[in-house]
Amino acid sequence: MTIKEVCEKYDITADTLRYYERVGVIPPVTRTAGGIRDYRKEDIAWVENAICFRDAGMPVEMLIEYVKLYREGDSTIDARTNLLKEARETILEARKKYDIALEKLDYKIGRYELAQKTGVLKWFDDEEMRRLLTITGLVMSAVMIASCAASAEAPSEQSSAEETAAAVTESETEDTAVSSEASDMPDITESGADTLVVVFSCTGTTKGVADRIADVTDADLYEIVPAVPYTDEDRDWNDENSRCTVEQNDPDVRPEIGSDPIDLEGYEVIFIGYPIWFGEEPRIMDTFVESYDFGDATVIPFCTSGSSDIGSSGTNLAANAGSGNWLEGKRFDGDVSEDELIEWIESLGL
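If you read the sequence shown in numbering that gives the first Met the number 0, its first letter stands for residue 0, the second for the next number, and so on.
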């Protein structure tokens, strides 16, 4: 099949097909003696896989890694199996969210359709309303009985109860104040520790690992928030003109950081976490390390990725930082356990 025929059959653009082949989402396509792409059965199978998995939300980098492993031969069967299992879990988690959303939509649509017929919009059936009213009545009755019983108690006991109530009220007031203060916390979570965990995370995966590292090391946590947040469209690896694709293809790009600056003074150990984009650190990480003097602090990079290793991202950051004592970094799956993280941290000999 010609590239035009493949495009028509799968409703995909020629630019996308060429892009898939260029970055490694599909292996090199069979060509004629004259160098024209000639899609054979095996080529079509790879195209179908790429379209299917991308529609399901599988990251481009994961597809690239799978093709790379496939071309390395049977010695990578274990790695390919693990990669596909991880992709399956990601898709299952996404499906759960869709199922919940569909259930809510079905409920609301049903209520509105009933309102169209009856002229009355009700969010509960009569039976459901009666059950709610019955429960409410029982709760109110219990409160009244408790109040009467309290009134009949001896003065000394009543005084004790009042003191207890006052103490509870005071405690609740303090808790409310603390809660209010917590809601106004900046991007850094402070604990007075000499260890800091810095993290950039778009989907929450890397943030989850950073949270666990901060927990086991009793560290402060600082989140890098971009001045202009990354949207799903920005992270569309299929689009050669998407923001992330353009940034990762230009090593000189430095996206602006929107979170408040942090004072690194006093931190002896700094973990720096990020996802792997196109086999490298996101450019905003370069912005961060170039903005600070790490002094004599020990700096340990870590990353998350569906398949790619940490690669040269750690050495890139160390070179761009120009300060700090950088150790070799490590890649983690998003569901890495605290026990695994503790074992890794202890191996660093900090």
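Glycine included, every Cβ here is placed at the ideal spot set by N, Cα and C.
Residue pairing from DSSP places Tyr273 in a beta bridge opposite Cys302.
The three-state reading of DSSP puts Asn324 in strand, counting E and B together. Look at Phe331 here: in three-state DSSP terms it is strand. With 16 or more other Cβ atoms from the protein chains shown falling within 10 Å of its own Cβ, Arg282 counts as buried. In this structure, DSSP gives Val197 an extended state, which the three-state scheme calls strand. Short of 7 Å from the beta carbon of Cys201, and not among the five residues preceding or following it, lie these beta carbons of its own chain, in chain order: Tyr229, Arg234 and Pro274. Tyr111 counts as exposed, since fewer than 16 other C-beta atoms from the protein chains shown sit within 10 angstroms of its C-beta. Cβ neighbours of Phe277 within its own chain (closer than 6 Å, five residues either side excluded): Gln247. Between the stretch 291 to 302 and the stretch 324 to 339 there are three or more inter-stretch CB-CB distances shorter than 8 Å, so the stretches are counted as touching.
Here the alpha carbon of Cys51 sits roughly 30 Å from the alpha carbon of Ile108. Annotation for Thr89: Gly56, Met57 and Gly305 place their beta carbon closer than 8 Å to its own, counting only its chain and skipping 5 residues before and after. As a beta-bridge residue in DSSP terms, Val268 pairs with Thr194 and Thr297. In the structure shown, Arg39 adopts coil according to DSSP, grouped into three states. Inter-residue distance for Asp238 and Leu16 is about 11 Å (C-alpha atoms, whole angstroms).
For Glu279, the three-state secondary structure derived from DSSP is strand.
DSSP places Ile256 within a strand segment (E or B) once states are collapsed to three. The beta carbon of Glu280 sits closer than 7 Å to those of Tyr273, Ser312, Asn315 and Leu316, all from its chain and outside the five residues before and after it, given in chain order. Between Val24 and Leu62 the beta-carbon gap is near 5 Å, inside 8 Å, which marks them as a contact. Cβ-Cβ distances below 8 Å link Ala13 to Ile2, Lys3 and Cys6 in the same chain, with the five nearest sequence neighbours on each side left out; the list follows chain order. DSSP, reduced to helix, strand and coil, places Arg70 within a helical segment of the structure shown.
Per DSSP, reduced to three states, the secondary structure at Arg211 is helical. Around the CB of Ser307, 16 or more other CB atoms lie within 10 Å, so the residue is classed as buried. Assignment of Arg53 by DSSP, reduced to helix, strand and coil, places it in the helix class.
Bounds of the alpha helix (DSSP H) holding Gly109 are Ile76 to Thr117. Judged by DSSP secondary structure, Glu239 falls outside any alpha helix (DSSP H); it is assigned neither H nor E. Pairing Thr205 with Val198 gives a Cβ-Cβ distance under 8 Å.
Around Ala114, the same chain offers Leu120 and Lys121 as residues with beta carbons nearer than 8 Å, after the five sequence neighbours per side are excluded. Excluding residues up to 5 positions away in sequence, Asp37 lie with their Cβ nearer than 8 Å to the Cβ of Thr31 in the same chain.
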